[in-house]
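In what follows, a structure is listed as C-alpha cells, so that the remarks can point back to it.
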Amino acid sequence: MNIYTTDKIRNVCLLGHGGAGKTSLAEAMAYLGGLTSRMGKISDGNTVSDYGKEEIKRQISIYTSLIPIEWNGVKINVLDTPGFFDFVGEAEEAASAADAAIIVVSGKAGVEVGTERAWEISLLTDRLLKI
Ligand SMILES: Nc1nc2c(ncn2[C@@H]2O[C@H](COP(=O)(O)OP(=O)(O)OP(=O)(O)O)[C@@H](O)[C@H]2O)c(=O)[nH]1
Ligand SMILES: [Mg+2]
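Counting from 340, one number per residue, gives the positions in the sequence shown under the numbering used here.
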C-alpha cells in the first residue's frame, strides 16, 4: 500500500439502523476500490467487514471494521459500524474518530429509530456528508 500524507486521508464512518446495508455497502466499496477481487455476501459469511465468528454466525456486525480504500490518490478509511443498539458504543467511538459520516437508510424500511440515532451520533464527527 502507498504512503499517504494527512491531506490525502479521509476517515469516514458508516452509520445506520441494524441491517440497513452498511456492511454490504462497504463490501461494494472494497470491491470497486480494488481491495478485493470478488464481492462477498452477508449470507455467505465472507464479507471483508464481518469476519468475526459471532458476526458470521449471526449475520450482523458486532465490531467496527476499518476498510482502507484507495480512490483517485486518496486513502479513504471506511469505518463500518454495527447498527444494533447493543453495540452503540462501537458506533460512537468510530464517529468520534471520523471526519465525516454516511448514514445508510434501508430503501425498503425508510427512516427507522436507528436512523434517527445515527443522525445524533453523526454529530460527533467533524462534518456530515449529506447525499
Ligand atoms: N436486496 C438487498 N438486500 C440488501 C441490500 N443491502 C443489504 N442487503 C441485505 O440486508 C441484510 C443486512 O445487510 P448488512 O449489509 O449486513 O446490513 P448492516 O447495516 O451492515 O447491518 P448491521 O451491521 O448488523 O447493522 C443482508 O442480508 C444483505 O444481503 C441491498 O441493497 N439490497
Ligand atoms: Mg454491518
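Glycine included, each C-beta is placed from N, C-alpha and C at the ideal position.
query: Quick one: what's got a C-beta closer than 8 Å to R377's C-beta in the same chain, skipping five residues either side?
result: So the list reads Y370, once near-sequence residues are dropped.
- prompt: Going by C-alpha distance, which of A439, V413, D438 and T403 is nearest G428?
  reply: Taking only the C-alpha atoms, the option nearest G428 is T403.
task: Taking S445 as part of the alpha helix (DSSP H), name the residues at either end of that continuous run.
output: If you look at S445, you'll find it isn't in any alpha helix (DSSP H); DSSP assigns it neither H nor E.
- prompt: Would you say the beta carbon of I362 comes nearer than 6 Å to a heavy atom of ligand 2?
  reply: Here the sequence assigns Thr to residue 362, which means Ile is not the residue at that position. Yes.
message: Bridge partners for S404 per DSSP, in chain order?
response: According to DSSP, S404 shares a beta bridge with D419.
message: Given 6 Å as the limit, tell me if S404 has its C-beta closer than that to any heavy atom belonging to ligand 2.
response: Result no, Cβ not under 6 Å from ligand 2.
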